[in-house]
Amino acid sequence: MERTLCIIKPDAVKKNVHGSIIQKTLDAGFHIAGLRLIQLSESQAKKFYEVHKERPFYNDLVSFMISGPVVVIALMKENAVAGWRKLIGATDPAEAEEGTIRKLFANSKQENAVHGSDSVENGKIEIGFFFTESELV
Ligand code: ADP
Ligand code: MG
């Protein structure tokens, strides 16, 4: 089975829909290998989104990601990376397909409820950002 990183972002935790998102994830056949509720520090958020540091939305994104607690989840499934991206939908909820997590729960292109790794390689790196191997089942 493949792993991918999910982050339930501060907008979704504030709206109290993190439980609904986790249920939808489980209903879609994903298994949870690790899960924690955490408050990201500014330096953690900056490092996590470092690939976007030249983008105009980077500073706002970092502020948003530290605006409240997030749920970090290591998900497991066959083809987890592609399957999770499909279940969450497009970055901008206005462009996301009906029934996707972002269509259902996102506020905007920035406050878009969830993160998903974009490749198997990045999934490994991103899971390693939050979990040690001994914290995963
Ligand atoms: P995704 O999360 O779908 O992989 P990106 O990696 O392109 O999307 O962007 C990372 C995150 O940055 C997005 O999930 C979203 O929260 C934010 N973001 C991306 N593009 C924009 C934008 N044009 N304006 C505001 N926020 C954005
Ligand atoms: Mg991305």
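Going by numbering that gives the first Met the number 0, the sequence shown opens with residue 0, and the numbers climb by one from there. Built from N, CA and C at the ideal position, the CB exists for glycine as well. Here the structure is a predicted model, which is why all the values come from computation and not from measurement.
Only counting the same chain, and skipping five residues up and downstream in sequence, which positions put a Cβ closer than 7 Å to that of residue i?
i	result
residue 109	56, 59, 60, 63
Tell me the DSSP secondary structure of residue i in three-state form.
i	result
residue 61	helix
residue 1	strand
residue 71	strand
residue 52	coil
residue 33	strand
residue 76	strand
Let me check you understand the geometry: is the CB of residue i closer than 7 Å to at least one non-hydrogen atom of the ligand MG?
i	result
residue 26	no
residue 117	yes
Whose C-beta lies closer than 8 Å to the C-beta of residue i among residues of the same chain, with five residues either side of it excluded?
i	result
residue 0	30, 75, 76, 77, 79
residue 96	88, 89, 102
So, at 6 Å on beta carbons, what are the nonlocal neighbours of residue i in its own chain, with the 5 sequence-adjacent residues on each side left out?
i	result
residue 117	none
residue 115	83, 84, 87
residue 91	108
Say the cut is 7 Å; is the CB of residue i nearer than that to a heavy atom of the ligand ADP?
i	result
residue 104	no
residue 85	no
residue 90	yes
residue 108	yes
Item to check | Ordered list of alpha helix (DSSP H) runs contained in the region 110 to 135, each at least 4 residues | outcome: 119 to 129
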